[in-house]
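**Q** One structure, as structure tokens, below. Some questions next.
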Amino acid sequence: MIKRLTSGSEDRLCADDFPWLQKRADAAGVSIKKLGFTIELPEPQQQPRNPQLEARCQRLRREQEAREYRQMTKSVDAARRKEPEESIAFQMKQINRQLIWVGQFLLSVIAGFAFGVIGLELIFGELELGFRLLWGTFFSVVIGVAEIYFLLRHLHFSEFGIPEELGPNKKEPDGKPHQD
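The sequence shown lines up with residues 13 to 192 when you count with my numbering.
See below:
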């Protein structure tokens, strides 16, 4: 909408009219402000937030505030001084779990390499060493990437407290595979 400053009348222009107006004003050496006009653009319409998203954001804020409060008051309250995460037994279980993951990863990658080197020779007969090493490396890389994918997926779900049954491509409890 363009308003004339002096008379107060309104003239409406479309978006396609502005390039034409700019060319004419540049050719004449005059700007729109010198002619006494102002350009007022309409305000964008605000879409309301999804109520489910807003409820989830508020729940996450409350959980974060509760964690921060527990962390701040942990040294004051005698019952909260020792969290289960701080015990030696808990940390030893975590270390054992991580060592098992590393051992499983190494065993899977080595088994894939062994299959590529030895297994292909047993299946197809005598093959060149370079060819067998190439296939062994290929199998071990594919198995290693798959192991890392599943490990990261497990860590993601366990970190955010999402049950793995509700992971990707699974239906939510309300029966919808998506959010509105």
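Using N, Cα and C, we set each Cβ at its ideal position, and we do this for glycine too.
Fair warning: this is a prediction, and the values are worked out from it, not measured in the lab.
From residue 62 to residue 153, what does the alpha carbon distance come to, in whole angstroms?
**A** Each residue's alpha carbon lies about 43 Å from the other.
**Q** Could you work out which residue in 151, 108 and 119 is closest to residue 129 when comparing CA atoms only?
**A** Closest by alpha carbon: 151.
**Q** Do you know how far the Cα of residue 37 is from the Cα of residue 31?
**A** Each residue's Cα considered, the two are about 10 Å apart.
**Q** Can you tell me which of the three DSSP states residue 82 falls into?
**A** Helix at residue 82.
**Q** What is the DSSP secondary structure of residue 99, counted as helix, strand or coil?
**A** Three-state result, residue 99: coil.
**Q** On the three-pair Cβ rule with 8 Å, is the segment 122 to 138 touching the segment 67 to 84?
**A** At 8 Å Cβ cutoff, the stretches do not touch.
**Q** Under three-state DSSP, which class holds residue 55?
**A** DSSP places residue 55 in coil when its eight states are reduced to three.
**Q** List the endpoints of the continuous alpha helix (DSSP H) containing residue 221.
**A** Given a span of 13 to 192 for the chain in the structure shown, any question on residue 221 remains unanswerable.
**Q** Which value, in whole angstroms, describes the spacing of the CA atoms of residue 6 and residue 55?
**A** Here the chain covers residues 13 to 192 and nothing more, so residue 6 does not appear.
**Q** Excluding sequence positions up to five away, which residues of its chain have a Cβ less than 7 Å from the Cβ of residue 70?
**A** Around residue 70: no qualifying Cβ.
**Q** What residue range is occupied by the uninterrupted alpha helix (DSSP H) comprising residue 133?
**A** That run of the alpha helix (DSSP H) goes 132 to 136.
**Q** Among the residues of its own chain, which have a CB less than 6 Å from the CB of residue 148, if the five just before and after it don't count?
**A** Cβ neighbours of residue 148 beyond the five flanking positions: 125, 128 and 129.
**Q** Buried or exposed for residue 135, going by 16 or more other Cβ atoms inside 10 Å?
**A** Classification for residue 135: exposed.
**Q** Quick one: is residue 159 near chain D, going by C-beta distance under 8 Å?
**A** The chain inventory of the structure shown lacks chain D, comprising one protein chain alone.
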